[in-house]
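Asker: One structure is given below, represented as structure tokens, and several questions about it will come after.
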Amino acid sequence: DAKTTQPTSMDCAEGRAANLPCNHSTISGNEYVYWYRQIHSQGPQYIIHGLKNNETNEMASLIITEDRKSSTLILPHATLRDTAVYYCIVIRSSASKIIFGSGTRLSIRP
Amino acid sequence: GAGVSQSPSNKVTEKGKDVELRCDPISGHTALYWYRQRLGQGLEFLIYFQGNSAPDKSGLPSDRFSAERTGESVSTLTIQRTQQEDSAVYLCASSLGFGGETQYFGPGTRLLVL
Chain A
1 DAKTTQPTSM DCAEGRAANL PCNHSTISGN EYVYWYRQIH SQGPQYIIHG LKNNETNEMA
61 SLIITEDRKS STLILPHATL RDTAVYYCIV IRSSASKIIF GSGTRLSIRP
Chain B
1001 GAGVSQSPSN KVTEKGKDVE LRCDPISGHT ALYWYRQRLG QGLEFLIYFQ GNSAPDKSGL
1061 PSDRFSAERT GESVSTLTIQ RTQQEDSAVY LCASSLGFGG ETQYFGPGTR LLVL
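Just so you know, the protein sequences line up as chains A and B, in that order. Reading the first sequence from the start, the letters are residues 1 to 110 in the working numbering. Reading the second sequence from the start, the letters are residues 1001 to 1114 in the working numbering.
Here you go:
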């Protein structure tokens, strides 16, 4: 699976949009971009995934560049409950295990 | 529908004892995964079950670790002769399998070996 690079930490004001970047320059054609988050003392939570097109669900939006070498997770109106470590992961369509990197620690300030 | 459940939620044991951790996946999910997360660290893959195929045990750290799965339901992770370095949160996840990659995680079992 392709490796991803994320900033170690970020912060965002409550009510503003949080934009979390991820680089995956070695991604191949059959690999998906997945985002999970882990709130303190809980198991990882699935957020969203995509292949080529931008995706949106009730939690977030995922913007994937045309060359697929990077993506941005957008939390449109961040709240204090969005404080967590966010993991960007690239997974082959036939993959099994997830290789988690160190993620981005997002802090939401009141 | 219910998510992935794990039991016990917390386990304290003495060094040298055996422990069994249980995972109930989401109904209908054919794939099941075990991960370990040490304090302040990322997730480490342990083992993966997919239907009736032979499990991928490539992440098991030693022969003290083993896991079983009954059909496409419950799985147990067993750690024999526990050591202090086994202290961690053990997370289970399940997915539809056969290309359904979205893994849904349980709350984990916090294991403390004294």
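From the three backbone atoms N, C-alpha and C, an ideal C-beta is built for every residue, glycine too. Nothing here was measured: the structure is a model prediction, and the numbers come from that model.
Report yes or no: is there a C-beta of chain A within less than 9 Å of the C-beta of Phe1065(B)?
Answerer: Chain A, which has no Cβ nearer than 9 Å to the Cβ of Phe1065(B), makes this no.
Asker: In chain B, which residues lie less than 7 Å from His49(A) when you measure between Cβ atoms?
Answerer: Under the 7 Å cutoff, chain B gives Thr1102.
Asker: Which residues mark the beginning and the end of the beta strand (DSSP E) in which Glu58(A) is found?
Answerer: No beta strand (DSSP E) contains Glu58(A), which DSSP labels as neither H nor E.
Asker: Starting from the beta carbon of Pro1107(B), find every residue of chain A whose beta carbon is closer than 7 Å, and list them in chain order.
Answerer: Simply Gln42, Gly43.
Asker: Near Pro21(A), which residues of its chain fall below 6 Å by C-beta distance, leaving aside the five closest residues on each side in sequence?
Answerer: Cβ within range, chain order: Thr72.
Asker: Using the three-state DSSP reduction, which class does Asp82(A) fall into: helix, strand or coil?
Answerer: Looking at Asp82(A) - three-state DSSP - the assignment turns out to be helix.
Asker: Can you find a CB in chain A that lies within less than 9 Å of the CB of Asp1024(B)?
Answerer: No - not a single Cβ of chain A is within 9 Å of the one on Asp1024(B).
Asker: Decide if the segment 1069-1087 of chain B is in contact with the segment 80-96 of chain A; the criterion is three or more beta carbon pairs, one per stretch, under 8 Å apart.
Answerer: The answer is no - the segment 80-96 of chain A does not touch the segment 1069-1087 of chain B, with fewer than three Cβ pairs under 8 Å.
Asker: Exposed or buried, what is Thr104(A) when buried is set at 16 or more other beta-carbons lying within 10 Å of its beta-carbon?
Answerer: Buried: at least 16 other Cβ atoms inside 10 Å.
Asker: Give me whichever residues DSSP pairs with Pro21(A) in a beta bridge.
Answerer: Pro21(A) is bridged to Thr72(A).
Asker: Starting from the C-beta of Ser41(A), find all residues in its chain whose C-beta is less than 7 Å away, skip the five residues before and the five after it, and write them out in chain order.
Answerer: Hits under 7 Å: none found.
Asker: Would you mind reading off the limits of the beta strand (DSSP E) that contains His40(A)?
Answerer: Unbroken run through His40(A): none, as it is neither H nor E.
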